[in-house]
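Position 59 of the sequence shown, counting from 1, maps to 69 under the numbering used here, and the rest follow consecutively.
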Amino acid sequence: MSEPNAILIAAASGRGLATAARRSGCRPLVVDFFGDSDTRALAAATREIADPARGFVADELLSHLRELAAGETTAGVVYGSGFEDRPEILDLLAQHFFVFGNNAQTVTRAKDPRTLAALCGELEIPHPEISVACPRAPENWLVKRQGSGGGLHVRPAGHSEISSGDYFQRRVGGTPVSVLVLCDGSETQILGRSSQWTTPWPGMPYRFGGAVRPALDPSAQLAVLSDAARKIARALGLVGLNSVDFLADAAAYHLIEVNPRPGATLDIFADLEGALFAAHLAACRGHLPERPLVFTKAAATAIAYAPHELPSMPGLVWPDWCKDRQRSGTYLRAGDPVCTILAEAETAAAARALVAERLAVFEAQLLREAQKECAA
11 MSEPNAILIA AASGRGLATA ARRSGCRPLV VDFFGDSDTR ALAAATREIA DPARGFVADE
71 LLSHLRELAA GETTAGVVYG SGFEDRPEIL DLLAQHFFVF GNNAQTVTRA KDPRTLAALC
131 GELEIPHPEI SVACPRAPEN WLVKRQGSGG GLHVRPAGHS EISSGDYFQR RVGGTPVSVL
191 VLCDGSETQI LGRSSQWTTP WPGMPYRFGG AVRPALDPSA QLAVLSDAAR KIARALGLVG
251 LNSVDFLADA AAYHLIEVNP RPGATLDIFA DLEGALFAAH LAACRGHLPE RPLVFTKAAA
311 TAIAYAPHEL PSMPGLVWPD WCKDRQRSGT YLRAGDPVCT ILAEAETAAA ARALVAERLA
371 VFEAQLLREA QKECAA
């Protein structure tokens, strides 16, 4: 019997996973927060979460997935971001579908700061000191939110209000480097490393700006980072695609966090044949490729954010290198994401330069069209 080619996808933004699924020959059925125009074009069917600010709610998500699965032979559910702070939903989904990804217990362990710190200590992996109590010299610390990601929750400790679920992490130096791993629960393959950067915004000094593959700085102990990523992946029992984030330079490194699901660098590790998505599905069933996947050339991604309030997203002639496209007419607050910019080149430096150039071109286009709409 042939494998069913319909696959359910649940993520804050499902476009990246839907693209990868299409390339692998699957028919994506997507539940996400945005319903971007290109996600709708890629997916066989979509549903949107009613209140993205609230995030995934178990009953609502399960209802949407059941609607999408009705009359289909689905292989199961692939999930992306949006579950780190509510992993219990994954247990609920597992009662109804095969879940391609880490189970709730694994996600909880990976995203619990005390558990991660203890594991790093046991494995002799450098990790910033953490505290649940306000430190005496808060200017040397950051405040983070347990179960969050993307940098939006990270802020200086000195003048921040503390909420339930917040914790403190000591500041450390280094360049952000992320290691993409493919795991089967015991063994781990290193697929590559990427450099990341931020685009600060008022109240969000560590907002994710973009990433480039391969990592730009070859001096940042890349072999050591790969070894540390293998150790933590094995200790957590990770399955499928995951990423491990570090701050590193030539002299030292620190493991910062583990993202126990496919994440923001999925686009820059994309392959036209869909091997990456197929490998994720197989690894979640306990099967790694005989040889690790190899990615040629270099690739970069960057997020375009609204520079100011847009009462109505203008209609655009979108360049092919723009993804996650906001629908025209959508209300956007200043700082909301508008789209994702992609670029490929022969080297990481060239890809980084090209994505920056394209970002500037798009931002100018957005400003022109928004001004026209206001004047109309």
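Where is the CB? At the ideal position from N, CA and C, for every residue including glycine. These numbers come from a predicted model, not from an experiment.
Bridge-paired residues (DSSP) for residue i
i: P272; result: Paired residues: none, contrary to the question.
i: H264; result: L257
i: I140; result: Q179
i: M214; result: W211
i: K333; result: T350
i: F110; result: V88
i: G250; result: C193
i: A308; result: A355
i: G220; result: W207 and A312
i: S188; result: S204 and D255
i: I17; result: P38
With 16 other Cβ atoms within 10 Å as the buried cut-off, status of residue i
i: R57; result: buried
i: M11; result: For M11, the predicted model reports a pLDDT of 31, less than 50, meaning its position is unreliable; a value from the coordinates is still stated below. Per the 10 Å Cβ criterion, exposed.
i: E13; result: Note on E13: pLDDT 46, under 50, position unreliable in the model; no value is reported.
i: Q115; result: exposed
i: Y263; result: buried
i: K154; result: buried
i: Q381; result: exposed
i: E267; result: buried
i: S188; result: buried
i: R119; result: buried
i: G81; result: exposed
i: G213; result: exposed
i: C130; result: buried
i: P321; result: exposed
i: T125; result: exposed
i: R76; result: exposed
i: V117; result: buried
i: S73; result: exposed
i: R146; result: exposed
i: E300; result: exposed
i: V371; result: exposed
i: S174; result: exposed
i: Y341; result: exposed
i: A31; result: buried
i: R203; result: buried
i: A358; result: buried
i: R295; result: exposed
Test item: CB-CB of residue i and residue j under 8 Å
i: A277; j: F305; result: Here residue 277 is Asp; the residue named in the question, Ala, does not match the sequence. Result no, Cβ atoms of D277 and F305 do not sit closer than 8 Å.
i: A289; j: L226; result: no
i: D334; j: D122; result: no
i: T185; j: D259; result: yes
i: L71; j: V40; result: no
i: A316; j: R337; result: no
i: I135; j: L257; result: no
i: G92; j: G65; result: yes
i: D95; j: G157; result: yes
i: P166; j: P215; result: yes
i: A308; j: E356; result: yes
i: V249; j: N112; result: yes
i: L201; j: F287; result: no
i: A20; j: V87; result: yes
Own chain residues within Cβ distance below 8 Å of residue i, not counting five before or after
i: V365; result: G220, V222, A310, T311, A312, I351, L352 and A353
i: I172; result: C144 and V153
i: Q23; result: A small correction: the amino acid at residue 23 is Ser; Gln does not occupy that position in the sequence shown. Closer than 8 Å at Cβ, skipping near neighbours: D42, F43, F44, D46, T49, G90, S91 and D334.
i: W207; result: P186, G219, G220 and A221
Cβ-based neighbour list, residue i, same chain, cut-off 7 Å, excluding 5 preceding and 5 following
i: P272; result: L27, G90, L251 and H290
i: L369; result: A312, A314 and I351
i: A55; result: L39 and L78
i: E98; result: A114
i: L298; result: L192, D194, E197 and Q199
i: C384; result: none
i: G339; result: S322 and M323
i: A285; result: L303
Residue i Cβ short of 7 Å to the ligand ZN heavy atom set
i: E373; result: This structure simply doesn't include the ligand ZN, nor any ligand for that matter.
Contacting residues, own chain, Cβ-Cβ under 6 Å from residue i (five flanking each side not counted)
i: G345; result: W211 and Y315
i: R50; result: T56
Task: Segment contact, 8 Å Cβ cut-off, at least three pairs: the region 61-68 with the region 239-248 - done: no
TODO: Examine the Cβ distances between the region 136-147 and the region 93-113 and report whether three or more of them are shorter than 8 Å.
DONE: Here the region 136-147 does not lie against the region 93-113, with fewer than 3 beta-carbon pairs under 8 Å apart.
TODO: Inspect the CB distances between the region 370-377 and the region 315-331 and report whether three or more fall short of 8 Å.
DONE: yes
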